[in-house]
Amino acid sequence: MTYDHSYVEDFAPAAGTLPARAWLDDDSGRVSLTGDWSFRLSPSVAAAPDDLKDPDVSGWDTISVPGHWQLQGHGAPAYTNIVYPFPLEPPFVPTDNPTGDYVRTATVPEDFAGARIVLRFEGVDSRFAVYVNGERVGWSSGSRLPSEFDVTELVTPGQEARIAVRVHQWSTGSYVEDQDMWWLSGIFREVNLLALKPTAPTDVSVRAAYDHTDGAGTLVVESDVPGTVVVPELGLEVPTGEHTRIDRVEPWSAEVPRLYDAVVRTEGGEVRLRIGFRTVAIVDGVLTVNGNRVLFNGVNRHEVHPDRGRALTEQDMLDDVLIMKRAGINAVRTSHYPPHPHFLDLCDLHGLYVVDECDLETHGFGYEPTPPDLPNPVMDERFRPDLVERMRRMVQRDKNHPSIVIWSLGNECGMGDNLKAMYAVAKELDPSRPVHYERDTEAEFVDIYSQMYTSPEDVAKIGEDTSSYRGLPFILCEYGHAMGNGPGGLLDYRELFEKYPRCQGGFIWEFIDHGLRKSENDQEFFAYGGDFGETIHDGNFVCDGLLLPDRTPSPGMLEYVKVIEPLRIVADGKDKVAISNRYEVLDTSHLTFRYVVEVWGERVAGGDLTVPEIAPGQTVSVELPPSVREFAEQSEAWVTVSAELTDGTAWAEAGHRVAWGQVRVDDVVAAAALVARAPAEGVAGVHGITVGAVTNARLDVWRAPTDNDAIPGVAEAWREAGLHRVQHRVVSTTHETGWKVVTRTAPPALQWGLLSTWVWSRLDGGVQLDLTVTPEGQFPATLPRLGITFELPKVDTVEWFGAGPNEAYVDTRSAAAVGKYSATVAQLQTPYVRPQENGHRIDTRWAVLTGAQGTLRIEGAPGLFGLTVRDWTSKDLEDAKHTIDLRAGDTTYVTLDLAQAGIGSNSCGPALADKYKLHTAEASISLQFRG
2 MTYDHSYVED
12 FAPAAGTLPA
22 RAWLDDDSGR
32 VSLTGDWSFR
42 LSPSVAAAPD
52 DLKDPDVSGW
62 DTISVPGHWQ
72 LQGHGAPAYT
82 NIVYPFPLEP
92 PFVPTDNPTG
102 DYVRTATVPE
112 DFAGARIVLR
122 FEGVDSRFAV
132 YVNGERVGWS
142 SGSRLPSEFD
152 VTELVTPGQE
162 ARIAVRVHQW
172 STGSYVEDQD
182 MWWLSGIFRE
192 VNLLALKPTA
202 PTDVSVRAAY
212 DHTDGAGTLV
222 VESDVPGTVV
232 VPELGLEVPT
242 GEHTRIDRVE
252 PWSAEVPRLY
262 DAVVRTEGGE
272 VRLRIGFRTV
282 AIVDGVLTVN
292 GNRVLFNGVN
302 RHEVHPDRGR
312 ALTEQDMLDD
322 VLIMKRAGIN
332 AVRTSHYPPH
342 PHFLDLCDLH
352 GLYVVDECDL
362 ETHGFGYEPT
372 PPDLPNPVMD
382 ERFRPDLVER
392 MRRMVQRDKN
402 HPSIVIWSLG
412 NECGMGDNLK
422 AMYAVAKELD
432 PSRPVHYERD
442 TEAEFVDIYS
452 QMYTSPEDVA
462 KIGEDTSSYR
472 GLPFILCEYG
482 HAMGNGPGGL
492 LDYRELFEKY
502 PRCQGGFIWE
512 FIDHGLRKSE
522 NDQEFFAYGG
532 DFGETIHDGN
542 FVCDGLLLPD
552 RTPSPGMLEY
562 VKVIEPLRIV
572 ADGKDKVAIS
582 NRYEVLDTSH
592 LTFRYVVEVW
602 GERVAGGDLT
612 VPEIAPGQTV
622 SVELPPSVRE
632 FAEQSEAWVT
642 VSAELTDGTA
652 WAEAGHRVAW
662 GQVRVDDVVA
672 AAALVARAPA
682 EGVAGVHGIT
692 VGAVTNARLD
702 VWRAPTDNDA
712 IPGVAEAWRE
722 AGLHRVQHRV
732 VSTTHETGWK
742 VVTRTAPPAL
752 QWGLLSTWVW
762 SRLDGGVQLD
772 LTVTPEGQFP
782 ATLPRLGITF
792 ELPKVDTVEW
802 FGAGPNEAYV
812 DTRSAAAVGK
822 YSATVAQLQT
832 PYVRPQENGH
842 RIDTRWAVLT
852 GAQGTLRIEG
862 APGLFGLTVR
872 DWTSKDLEDA
882 KHTIDLRAGD
892 TTYVTLDLAQ
902 AGIGSNSCGP
912 ALADKYKLHT
922 AEASISLQFR
932 G
């Protein structure tokens, strides 16, 4: 037979599918089709043989379902952020359209007799047709949405059925699935054969509300097959469809995710439910849950794994939820499509607010294009049935999850009437939840006003003008772009969210890097756009998460954890700490408070701290134990107060730290500079200044550009100023109070420089450097860094006293605590997927570097310095495309910074705030070296 493939370029969403319904835990018979399928990939639709009636699969490959064919040896992944990798001419797609055929057999159980037999796909990218025993059943699209087909008449209980699925990489549906992620194809979620008994429910709707004024709950459970709703814990047994008021229930929230087990009983079987009573409302321009203002400490989460792509396991999903809960994250936006429904079950269970987003993005068309440009699909009425149906399918599938507090129409599509139609169907199906869409820039029809990557200054303006944008609640659906080293400046946002009631937090972009594991020459690394031979790609823009691809927390994640922690612990005078409870509903009765006193990083006292129960929103002042003041006369005396879980929870063990604060106990007195001693001996030459163990010291003004430097053009401006290729000239050397070396550091072809005066003096067992740097000429306004770099024989370990344990910069230092730390040189590096500036330890007091050839101790004399220790140069770091390009040699490179520019989030966000820039000006530092 000759197959009709016209559906590939059809504007319709599907043909032959069943109506959307809730994802249920029920008694339906189920045959899992997870596992190995026979697989054949054809280069185009036309090249796909017309043999699915009775295919001979003896020469076919085997593929795993769920999975993507590009990650199983067929074709290659491709990454774009905005642009489509094919011409824009809807509904048409390229003739070069890889088409994968999947075939397997399954025995239909005998007890399926009398039931409606349904073949259910949870997710297939991008469009697919289904054949059962040689007969075409139908086709569907909407890659991240379920599709069901009635195959009752095509199979026989007790006999084997042959199932064939033809999947097309490109289709008309691809035009509305232009999300910022890898293009990956295939059956990537589960497939099941179901037996739906005619006397059993197939769709159930739960509406469970909570009245915060009297603690009562209301419940109605509707079912397409009448039955009885039983909630044993509430002593409730009522017919389906009956509205019931319960005088007292415990509400569901992200902090206290109280669920009640329930069951719908019918003649044909049961449906098990987990009911959470909660009410979402907008009151006086503030979004509330159960009467409480919500502050979203959220993340945007794509479904991604470095080996499996979007084919996540239940363990992957649990890992993500537990990471979020332990981090203090309370909300997730499912960017930019509905997640696997099991993930939502976990959000219900463990407590995360969810913004459930429709499978829709059309960024590559531009926002509101005008002729002669093609209309965006959200403006094109030919796409309307598909877009409305996508919204309907999401709401119907996910409607029973208490964790979902907001529906979202999609992402970055501009504006058009199709979006209004989607909004209308969402409200028709579920008027209880507000609807979000960021590109409704004037808040024309949405219930929540939203922006992306807004500067703190503009967030403040929105917070101050409560009448703007119809007075709606305001959230940042994306901010804090976590690409590479960063994001910086998160604390500035948090302070605004707490200051302005309508500014209700936001969602970091994004949760995890999308790097895919790849191996070359037996070396593994994480790949990004362009690493698979794509001609059109957006490079490492796909790696912009708080987690590295293997789910290791980045320093940006640790910073976010600190910024959003639920308690704020700060100094309150000399003898007290102020503890503010920033929880939404929890008091502090579940926490144990402890304190530790350290002097120069050595513990000298500690114990439990008595703290009264603090209600949400309250602040108390807590007296530190009298013994703490005993250390006030010593220098670098610090007390750290921590709040820990007293008992374990479903997401963390007892003792898990949820918040901490650090207070300096001693009176900070500026130390006097040491009196100059006799001149040290050294050599000043072509490669720098060598004194004792310090070899080839030279001024350093360059850093390997971070993504936040490179993408917005900041690094290019620095290059135009010649900062990446400065040259060094020895102006003079004299022996005065010390060995005085004057150098000039300047770029070729330009008329500016940095005049440095290096005074080296002898100490007992070492030398002191007093360095002064003065800019002259037409110097640039800002610098990446200002420091000195020198070389040492291979260093193995570094011990330091200062901020740590992780890297920190001037705008990413909230998570850095003053203490004594130790690490190998390898551990000091952060393996960002694209190598860039990393590993800086701010506010170091002293450091000891140890290798096989000896030890060097460095101290501020007095004062602080930034410490970076690497087995490669900044040039090596800048030139590397992947971590495997960095190879350690026999030399270690040490940089001691007077200052370094902040990090920001300008890769996709506001420019670095002026207060975090390193402005070019005269500067000085004093350091001591003892070997």
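Each residue of the sequence shown is one higher than the one before, starting from 2 at the first, in my numbering.
Every residue, glycine too, gets a C-beta built ideally from N, C-alpha and C.
Note down the Cα distance separating P713 from A914, rounded to an integer number of angstroms. Those two C-alpha atoms are separated by around 14 Å.
Buried or exposed for Q635, please, with buried defined as at least 16 other CB atoms from any protein chain shown within 10 angstroms of its CB. With fewer than 16 other CB atoms across the displayed protein chains lying within 10 angstroms of its CB, Q635 is exposed.
Classification of I690 by the beta-carbon crowding that lies within 10 angstroms, buried from 16 upward: When all chains shown are included, I690 counts as buried.
Pull up the distance between the alpha-carbon of D441 and that of V152, whole angstroms please. Roughly 42 Å between the two C-alpha positions.
Between P233 and E560, what straight-line distance do the alpha-carbon atoms span, to the nearest angstrom? Rounded to the nearest whole angstrom, the CA to CA distance from P233 to E560 is 44 Å.
Which word fits H437, buried or exposed, when buried means at least 16 other C-beta atoms lie within 10 angstroms of its C-beta? By the neighbour-count rule (16 or more Cβ atoms within 10 Å), H437 is buried.
Nearest residue (CA-CA) to W740, options P432, P199, W759, A579: Measuring C-alpha to C-alpha distances from W740 to each of P432, P199, W759, A579 identifies W759 as the nearest.
Tell me the start and end of each unbroken beta strand (DSSP E) in the segment 676-704 that is at least 3 residues and wholly inside, in chain order. Those beta strand (DSSP E) runs which fall completely within the segment 676-704 and span 3+ residues are 684-686, 689-692, 695-701.
Looking at C-beta atoms only, is the number of pairs between the segment 34-50 and the segment 215-229 that lie closer than 8 Å three or more? No: fewer than three Cβ pairs fall under 8 Å.
For a minimum of 3 consecutive residues, which ranges assigned as the beta strand (DSSP E) are wholly contained in the segment 147-226? Those beta strand (DSSP E) runs which fall completely within the segment 147-226 and span 3+ residues are 148-151, 161-169, 182-184, 192-197, 205-212, 217-224.
Alpha-carbon spacing of P626 relative to T650, whole angstroms: Straight-line Cα distance between these residues: approximately 30 Å.
Mapping the DSSP letters down to three states, classify Y494 as helix, strand or coil. In the displayed model, Y494 falls within a helix according to three-state DSSP.
Unbroken alpha helix (DSSP H) run spanning W719, endpoints: Where W719 is concerned, the enclosing alpha helix (DSSP H) starts and stops at 715-721.
Would you decide whether I926 is buried or exposed? Buried here means 16 or more other CB atoms lie within 10 Å of its CB. Flag for I926 reads buried.
May I have the straight-line CA-CA distance separating S89 from V177, to the nearest angstrom? Position check: residue 89 holds Leu in this sequence, whereas Ser was assumed. Between the C-alpha atoms of L89 and V177 there is a straight-line separation of about 12 Å.
For the beta strand (DSSP E) that contains P556, what are its first and last residues? First-last for P556: 556-565, but that is the alpha helix (DSSP H), not the beta strand (DSSP E).
Going by DSSP, what residues sit across from W740 in a beta bridge? According to the DSSP secondary-structure assignment, W740 is paired through a beta bridge with H736, W761.
Let me know if A912 comes out buried or exposed under the rule of 16 or more other beta-carbons within 10 Å of its beta-carbon. Exposed is the label assigned to A912, since fewer than 16 other Cβ atoms lie within 10 Å of its Cβ.
As assigned by DSSP and simplified to three states, the class of F113: DSSP places F113 in helix when its eight states are reduced to three.
Indicate whether P403 and D321 have their beta-carbon atoms separated by less than 7 Å. In this structure, D321 does not lie closer than 7 Å to P403 by Cβ.
Bridge partners for F729 per DSSP, in chain order? Looking at the sequence itself, residue 729 is His, so the reference to Phe does not match. T746.
Residue burial classification, M2 (beta-carbon count within 10 angstroms, cutoff 16): Legend: pLDDT at M2 = 45, less than 50; position of this residue unreliable, no value from coordinates given.
So L288 and P435 are supposed to be a Cβ contact under 8 Å. How far apart are they, rounded? Rounded to whole angstroms, the Cβ separation of L288 and P435 is 7 Å, and the two are in contact under 8 Å.
Reference V692, options E256, L323, L25, F930, closest by Cα: That would be F930, whose Cα lies nearest to the Cα of V692.
If you draw a straight line from the alpha carbon of E838 to that of P556, how long is it in whole angstroms? Cα to Cα, E838 sits roughly 13 Å from P556.
Between the beta-carbon of F446 and the beta-carbon of A77, is there less than 7 Å? Not closer than 7 Å, so no.
Distance check for P147 and A21, CA to CA, integer angstroms please. Straight through space, the alpha carbons of P147 and A21 are spaced by roughly 8 Å.
To the nearest angstrom, how far is the alpha carbon of H688 from that of Q728? Near 10 Å, if we compare the C-alpha coordinates of Q728 and H688.
Does the separation of the CB atoms of R117 and L25 fall below 7 Å? Between R117 and L25, the C-beta spacing is not below 7 Å.
Express the C-alpha separation of D648 and T589 in angstroms, rounding to a whole number. Each residue's Cα considered, the two are about 12 Å apart.
Distance, F802 Cα to L865 Cα: L865 and F802: Cα-Cα distance of roughly 10 Å.
Span separating the alpha-carbon of H213 from that of N401: Our two residues, H213 and N401, have alpha carbons roughly 20 Å apart in a direct line.
Limits of the unbroken beta strand (DSSP E) element including S468: Neither: S468 is in no beta strand (DSSP E) and is coded neither H nor E.
Which two residues bound the contiguous beta strand (DSSP E) that contains I570? Start and end: 568-572.
Same chain, Cβ closer than 7 Å to T85, neighbours up to 5 away in sequence not counted: The sequence shown places Tyr at residue 85, not Thr. Taking Y85 as the centre and dropping the five residues before and after it, the same chain places the C-beta of D179, G365 closer than 7 Å to its C-beta, in chain order.
Helix, strand or coil for G607 per DSSP? If DSSP states are grouped into helix, strand and coil, G607 belongs with the strands.
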